[in-house]
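Heads up: the structure comes next, in structure tokens.
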Amino acid sequence: MNVVVVESPAKAKTINKYLGPDYKVLASFGHIRDLPAKDGSVLPDEDFEMSWDMDAASKKRLKDISDALKSSDALFLATDPDREGEAISWHVLEVLNKKKALKDKSVKRVVFNAITKKSVLDAMANPRDIDGPLVDAYLARRALDYLVGFNLSPVLWRKLPGARSAGRVQSVALRLICDREDEIERFISEEYWQIAADMQTPRGDAFVARLTAHNGKKLQKMSITDGDQANAIKTMLDQASFSAESVEAKPTRRNPAPPFTTSTLQQAASSKLGFNASRTMQVAQKLYEGIDIGGETVGLITYMRTDGVQMAGEAIDAAREEIGSRFGARYRPEKPRFYSSKAKNAQEAHEAVRPTAFDRAPEDVRRYLDGDQLKLYDLIWKRAIASQMASAEIERTTVDIRAVHGGEEATLRATGSVVRFDGFIAAYTDAKEDGEQSDDGDDEGRLPEINQGEALTREQIKASQHFTEPPPRYSEASLIRKMEELGIGRPSTYASTLKTLSDREYMQVDKRKLIPEPKGRLVTAFLENFFDRYIEFDFTADLESKLDRISAGELKWKDVLREFWTEFHAHIDETKDLRVSEVLDALNEHLAPLVFPKREDGADPRICPTCGVGKLSLKLGKYGAFVGCSNYPDCNFTRQLTSDPNGQDQAAASNEPVDLGKDPHTGEPMTLRNGRFGPYVQRGEGKEAKRASLPKGWAPQTIDHEKALALLQLPRDVGQHPESGKMISAGIGRYGPFVLHDGVYANLESVEDVFSIGLNRAVTLIAEKQAKGGGRGRATPTALKQLGDHPDGGAVTVRDGRYGPYVNWGKINATLPKDLAPQDVSMERALELIAAKAGSKKGKAKATKKTTKSTKAKTSSAAAKSSKPAKSAAAGDKA
1 MNVVVVESPA KAKTINKYLG PDYKVLASFG HIRDLPAKDG SVLPDEDFEM
51 SWDMDAASKK RLKDISDALK SSDALFLATD PDREGEAISW HVLEVLNKKK
101 ALKDKSVKRV VFNAITKKSV LDAMANPRDI DGPLVDAYLA RRALDYLVGF
151 NLSPVLWRKL PGARSAGRVQ SVALRLICDR EDEIERFISE EYWQIAADMQ
201 TPRGDAFVAR LTAHNGKKLQ KMSITDGDQA NAIKTMLDQA SFSAESVEAK
251 PTRRNPAPPF TTSTLQQAAS SKLGFNASRT MQVAQKLYEG IDIGGETVGL
301 ITYMRTDGVQ MAGEAIDAAR EEIGSRFGAR YRPEKPRFYS SKAKNAQEAH
351 EAVRPTAFDR APEDVRRYLD GDQLKLYDLI WKRAIASQMA SAEIERTTVD
401 IRAVHGGEEA TLRATGSVVR FDGFIAAYTD AKEDGEQSDD GDDEGRLPEI
451 NQGEALTREQ IKASQHFTEP PPRYSEASLI RKMEELGIGR PSTYASTLKT
501 LSDREYMQVD KRKLIPEPKG RLVTAFLENF FDRYIEFDFT ADLESKLDRI
551 SAGELKWKDV LREFWTEFHA HIDETKDLRV SEVLDALNEH LAPLVFPKRE
601 DGADPRICPT CGVGKLSLKL GKYGAFVGCS NYPDCNFTRQ LTSDPNGQDQ
651 AAASNEPVDL GKDPHTGEPM TLRNGRFGPY VQRGEGKEAK RASLPKGWAP
701 QTIDHEKALA LLQLPRDVGQ HPESGKMISA GIGRYGPFVL HDGVYANLES
751 VEDVFSIGLN RAVTLIAEKQ AKGGGRGRAT PTALKQLGDH PDGGAVTVRD
801 GRYGPYVNWG KINATLPKDL APQDVSMERA LELIAAKAGS KKGKAKATKK
851 TTKSTKAKTS SAAAKSSKPA KSAAAGDKA
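Oh and the sequence shown: position 59 is 59 in UniProt numbering, straight run, nothing missing.
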């Protein structure tokens, strides 16, 4: 008997079938140990000694492995074929050695890039030892992330209240997003004009030509800057005669792109499918681990965490064979194509992401896949097979047209192209729906026949006004591409980095654009002013390069840590004497466009609009930053910092109520107001006044009498349930919009549904929720996972509740992010979620009966007492 350790139970079941009864395959469920989220987990003064913690669930799994080894001959460590997988195997081996469970048993490391019988059996036949340098690189990266997170985050908590944390990679990614926002705010639009002509050939065929020169001067995009100049040229062209001066047809070849890497897959899935990075990786993980096809679990793609762009030789041969049979011999080039990555720090040890079998086309597996799986598999299959197909042959035609009138002349140009042989483009257009463009198709249209020297007819001259636009905000795809270009982070970390920024409310995603929240801009501005070296792109990329050199065996991991820690620790110490007033002065200047937007009347944006005497400045409160008047307490003007995607950040910004009319039922006045925690509507005055916060996505400037009335009448009665006779109501709660019946809550998809949902739909949602076990009054769910004791006392557990799995500590319940499985929750991540939840409860929640302070207050006071890393959630990103 041989014991095989893999990461996931889904893989364990499939691989056991491949290996047969002589093997017992057990799952580690990912990492079995992690650094405890407390001071002392990494000790720089003790040669970077690292203390590892293992939760109860992992201990049980290791016991199962240890017990299985008693009757086995060998141990095969078959975790994923990347740095994290190597680290998991190392952790398992370390624990088993401490338990003295191995004795004289053989221990081997095996890796397979695909969950197929051939890949698994080939790997088992070719075992190796654990890759020491790869483990060293993991240790260095983990120690760096801990040291940055647990030393820099407490500085933020002391000097910038309301900030969550900082991380080695996440802070640099956030800086990219914030820098782009700075560019947009500084951007000054410029006017320019373009001139085009609708023309016809002598045969009556229409085409369009654009002005490129006037009176011997070449014109660029911005050359014509005003309407007078544009109209003068238009007048001349309206009276000119036109002839084809030159016609040039030039054949070109277009080559296919390489197969997907992790980052290019995320980019393509974002731009073509609308998937965010986390969703892409979740779907890809399922395709890799295996899909039930005709009673057999089959891995459809190779391992999806890679920056390699090359495919294995046998895969290239299989692709070429499929190309010949599916598309024809002409579509198969004479020789195979080979690719190399252009990304910084690319480690091409693994294959690109590709199908495990090219003869398994998307249409062949359509009935076995859900919608997301089919879309992503289709994307991967087509990109991989196209990468080995022949080049597309395209003929590009350029026609220069001479226009003459009086003593003036001008040149216009018409361009077009035609695909003479589609080549690899056929992979994208084959069997596609009408009107769907190819992945790498050509956008230019075909020009009609135009002969050199022939006269052409002018139909219409158009002069159009344009204005330059600011650079676009990053999308997930473009940010990942930029990070890869700069050499920041690794492909496997991009999804988690973006998720962390969103979870910590440092950015929001609006129409697939990444918009920094004020909290994120404050953190970035603070780091740029006081820790600029550690969020420099070159510095981060250089550190990433050193980590890669460690994995290649070229550098010692502790040497890299010593070099980093000496300077970083000294810099942390320098912030002890940093005054909050210095921080605010720097942020006032750095974030002036956000904090002090220009006024319509041209007045000084820093003069208080209420008293006209005080000067506005950033203020730091218990729950974050806001703008206040220096004339306090005589003037109590405050303004919240907001980040409205439509650019109307300052609507309803002051404390002055905006009159919205009267409630027709009560006769009380309704007003729009702005408080410390955001804009809200209010009916009446005093303690008895009814208040309702604006739902997410509702901008203050859009609130009118009708919307205010609707909000203030929530919750609304939908109707009586046909079976119980009890009323169903709809409202907006802490978890979003809902319908409620007899203690059972069911979530609604959007805020608008609260005001429009009818009785039939509400009854259906309630029934669906009841079928899933929804309702109140249930006993406390059994713990799925025991994580250990909180630094402030009390057990931390993972449980499954009405709203899904969550972390529990005392009276604090923090819902898990959708992409975080209960078994993958570490103590560090749990403490981070607890601290975030405690902050969102505004200090009102008590952690246990023994304490009278909120969790957030404890965390802040602990950080303030010492410059040492705080015990609570500090969390640098796991890169």
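For glycine and all other residues, C-beta sits at the position ideal for the given N, C-alpha and C.
For residue i, three-class secondary structure by DSSP
{"i": "K871", "result": "At K871 the pLDDT is 34, less than 50, meaning the model places this residue with poor confidence; the figure from the coordinates comes in the next sentence. The answer is coil: DSSP assigns K871 none of H, G, I, E or B."}
{"i": "Q786", "result": "strand"}
{"i": "M199", "result": "strand"}
{"i": "V3", "result": "strand"}
{"i": "Y192", "result": "strand"}
{"i": "E688", "result": "coil"}
{"i": "Y303", "result": "coil"}
{"i": "T852", "result": "Annotation note: pLDDT 40 at T852 (below 50); position unreliable, no value reported."}
{"i": "V92", "result": "helix"}
{"i": "R420", "result": "strand"}
{"i": "F467", "result": "strand"}
{"i": "K615", "result": "strand"}
{"i": "F755", "result": "helix"}
{"i": "G407", "result": "coil"}
{"i": "S478", "result": "helix"}
{"i": "R683", "result": "strand"}
{"i": "V135", "result": "helix"}
{"i": "I515", "result": "strand"}
{"i": "G400", "result": "Correcting the residue identity first, residue 400 is Asp in this sequence and not Gly. Of the three classes helix, strand and coil, the one that applies to D400 here is strand, per DSSP."}
{"i": "E351", "result": "coil"}
{"i": "F150", "result": "helix"}
{"i": "N760", "result": "helix"}
{"i": "P817", "result": "coil"}
{"i": "G520", "result": "helix"}
{"i": "residue 915", "result": "Within the shown structure, residues of the chain are numbered from 1 to 879, placing residue 915 beyond reach of any answer."}
Closest Cα partner of residue i within the set the options
{"i": "L759", "options": "Q770, M389, L740", "result": "L740"}
{"i": "T225", "options": "G839, R579, H466", "result": "H466"}
{"i": "P664", "options": "K11, L709, A699, D179", "result": "L709"}
{"i": "S58", "options": "V92, G416, T356", "result": "V92"}
{"i": "Q282", "options": "Y377, R599, G328", "result": "Y377"}
{"i": "W52", "options": "A625, R446, G407, D39", "result": "D39"}
{"i": "T397", "options": "L748, K662, G520, T252", "result": "T252"}
{"i": "L379", "options": "S271, Q239, H790", "result": "S271"}
{"i": "I461", "options": "R383, M199, V681", "result": "M199"}
{"i": "Q388", "options": "E314, E409, N631", "result": "E314"}
{"i": "A552", "options": "P133, S106, D659", "result": "P133"}
{"i": "P679", "options": "E688, A692, S475, K687", "result": "A692"}
{"i": "E86", "options": "I15, I130, D67", "result": "I130"}
Contact check, residue i vs residue j, beta carbons under 9 Å
{"i": "V744", "j": "I732", "result": "no"}
{"i": "F568", "j": "V148", "result": "yes"}
{"i": "T297", "j": "Y288", "result": "no"}
{"i": "W809", "j": "A821", "result": "no"}
{"i": "I115", "j": "G328", "result": "no"}
{"i": "L712", "j": "R683", "result": "yes"}
{"i": "G489", "j": "E544", "result": "yes"}
{"i": "C629", "j": "L641", "result": "no"}
{"i": "V613", "j": "K619", "result": "no"}
{"i": "M1", "j": "Y23", "result": "yes"}
{"i": "E528", "j": "E517", "result": "no"}
8 Å contact criterion, which residue i and residue j should meet: CB distance rounded
{"i": "A352", "j": "V309", "result": "5 Å"}
{"i": "F358", "j": "A392", "result": "With a Cβ gap of about 20 Å, F358 and A392 do not count as contacting."}
{"i": "A197", "j": "R413", "result": "With 8 Å as the limit, A197 and R413 do not qualify as a contact, their Cβ atoms being about 10 Å apart."}
{"i": "Q786", "j": "D136", "result": "The Cβ separation is near 31 Å, so there is no contact."}
{"i": "A37", "j": "L831", "result": "4 Å"}
{"i": "P336", "j": "I316", "result": "5 Å"}
Problem - Every unbroken alpha helix (DSSP H) inside the segment 704-738 [4 residues or more] - result: 705-712
Exercise for the section: Could you name each continuous alpha helix (DSSP H) segment of 4 residues or more that falls completely within the segment 527-595, going from the start of the chain to the end? Expected result: 537-551, 557-574, 580-590, 592-595
Handout entry: Those runs of the beta strand (DSSP E) which lie wholly inside the segment 219-265 and span at least 3 residues
Key = 241-254
Exercise for the section: Please go through the UniProt domain "Toprim" (1-117) and give each complete alpha helix (DSSP H) segment of 4 or more residues, from N-terminal end onward. Expected result: 9-19, 56-69, 83-98
Problem - Sequence ranges, alpha helix (DSSP H) only - wholly within the segment 270-322, length at least 4 - result: For the alpha helix (DSSP H) assignment, the uninterrupted runs of no fewer than 4 residues enclosed by the segment 270-322 are, from N- to C-terminal side, 277-289.
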